[in-house]
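First residue of the sequence shown: 54, per the working numbering; consecutive thereafter. Backbone N, C-alpha and C define an ideal beta-carbon position, used for all residues, glycine too. Since this is a predicted model, take the numbers as computed values, not measurements. The structure under discussion appears below in the form of structure tokens.
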Amino acid sequence: MTHSVPTVRPVDLRVEPVNQVLDRVERSLQVRLDSTSVVRKRRSVGAWTDRDTWVRVERRSLNKIGDQGWNGTESAALLEGLAQPAWLGCVVWRDTDGPVMWRADETEVLPGAPVGTAVLSADPVLPEEWWRAFNSSLDALSRNTTRRVATPDTVMITQHLVTESIRGTFSDEIDTSVERWVPAHADLNWANMSAPVFSLFDWEDWGNAPQGLDAATLWAASLAVPALADRVRRERRGDFESRDGKLMTLFACSKILGPDAYPEDPRIEPARHMARQVIAELQAD
């Protein structure tokens with residue numbers, strides 16, 4: 054007999070009380086969290102500690118953990134050749150009030166502040182050294198190996214998901230077969246990279262994905278700043294020119310143009326324009 058996981062009440066940690074959670078983290082990791090430094094996001098909370106480290110606390114329902122688990126930050130510590138904060142330790146526990154797990158990871162602090170919000174509306178004017186480190190890290194990431202499967206937006210990426218997302222928004226005549234799967238961060242946006250010194254963090258969703266997922270995700274997060282979106286495409290030209298990169302561009306566009314599209318999103322028109330161009334290129338191949 055199989056047992057389904059009960060439905061979990063949606064929670065936004067930006068507004069949900071978290072004092073008891075943070076108290077437990079302090080006791081378990083034997084640290085003091087700086088209350089003035091707390092950063093609250095929809096599904097995570099982070100803060101500085103009294104030993105000059107950073108602690109990120111995440112809440113996740115059991116049905117979002119699955120076979121892969123959710124030790125992304127811990128397992129990413131084994132990746133070679135890329136700039137990221139060193140992982141130092143963690144504490145994990147199950148919530149007594151429902152089918153939910155909490156996890157707190159302690160890492161080194163970032164060498165700079167996050168570039169900005171996930172989706173930018175102004176050019177961050179990044180130095181050339183930043184772009185070199187960015188490219189070096191993404192290239193190194195793709196050369197690593199893993200059995201993990203990426204979970205963008207906490208959903209495991211599969212051939213079926215790629216096909217369903219693209220054909221649900223665009224033409225059924227597009228061949229959506231993925232050729233190459235490589236390790237990807239899977240949540241590459243401007244809130245998960247630091248500047249002026251580059252570092253990549255928040256590794257909860259990383260794993261194998263179609264080539265170009267990260268590049269396309271960051272490009273989509275840049276579309277409200279045309280020059281920045283163009284820069285991302287130039288820097289990751291190899292990804293975007295690959296067949297899988299074109300599919301990932303459509304995959305990213307589907308999240309902007311799909312059924313849940315926000316009518317006032319300034320990215321809609323550039324995404325629609327790029328989608329038409331990419332579809333023509335794929336159909337011509």
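Residue 183: member of the alpha helix (DSSP H) spanning 181-196, first to last residue.
DSSP lists 100, 159 as the beta-bridge partner residues of residue 108. Counting along the chain, no beta strand (DSSP E) covers residue 303; the unbroken alpha helix (DSSP H) around it starts and ends at 296-310. Residue nearest to residue 278 within the set 101, 135, 212, 178 is 178 (criterion: CA-CA distance). Contact between residue 288 and residue 125 fails: their C-beta atoms lie close to 24 Å from each other, not under 8 Å.
Rounded to the nearest angstrom, the gap between the Cα atoms of residue 248 and residue 173 is 14 Å.
Around the beta carbon of residue 224, a 10 Å sphere encloses fewer than 16 other beta carbons of the protein chains shown; the residue is thus reported as exposed. Taking a cut-off of 8 Å for Cβ pairs, the region 157-169 and the region 287-304 do not touch, as fewer than three such pairs fall below it. Residue state for residue 262 is assigned as strand, using DSSP reduced to three classes.
Below 8 Å, enough C-beta pairs join the region 230-237 and the region 257-277 to call them touching: three or more. Excluding residues up to 5 positions away in sequence, 231 lie with their Cβ nearer than 7 Å to the Cβ of residue 212 in the same chain. Nearest neighbour of residue 89 by Cα position, chosen from 194, 102, 141, 196, turns out to be 102. Using a 10 angstroms sphere on the CB of residue 205, the tally of other CB atoms reaches 16 or more, which defines it as buried. Looking at the DSSP output, residue 319 sits in no beta bridge, so it has no partner there. Under DSSP, the beta-bridge partners assigned to residue 147 are 154. The C-alpha of residue 121 is placed about 10 Å away from the C-alpha of residue 259. Beta-bridge partners assigned by DSSP to residue 234: 263. About 23 Å separates the beta carbon of residue 159 from that of residue 134, a gap too long to meet the 8 Å contact definition. Between the C-alpha atoms of residue 153 and residue 187 there is a straight-line separation of about 34 Å. Sequence-distant Cβ neighbours of residue 207 in its own chain, meaning closer than 6 Å and more than five residues away, are 117. Taking the CA atoms as reference points, residue 96 sits about 11 Å from residue 156. From the listed residues 272, 194, 171, the smallest Cα separation to residue 237 is found for 194. Counting along the chain, no alpha helix (DSSP H) covers residue 121, and no H or E run does either. Secondary structure of residue 279 (DSSP, three-state): helix. 7 Å or more divides the Cβ of residue 222 from the Cβ of residue 335. For the pair residue 269 and residue 275, the CB atoms are not nearer than the 7 Å cut-off. Secondary structure note for residue 125: its alpha helix (DSSP H) is the uninterrupted segment 125-129.
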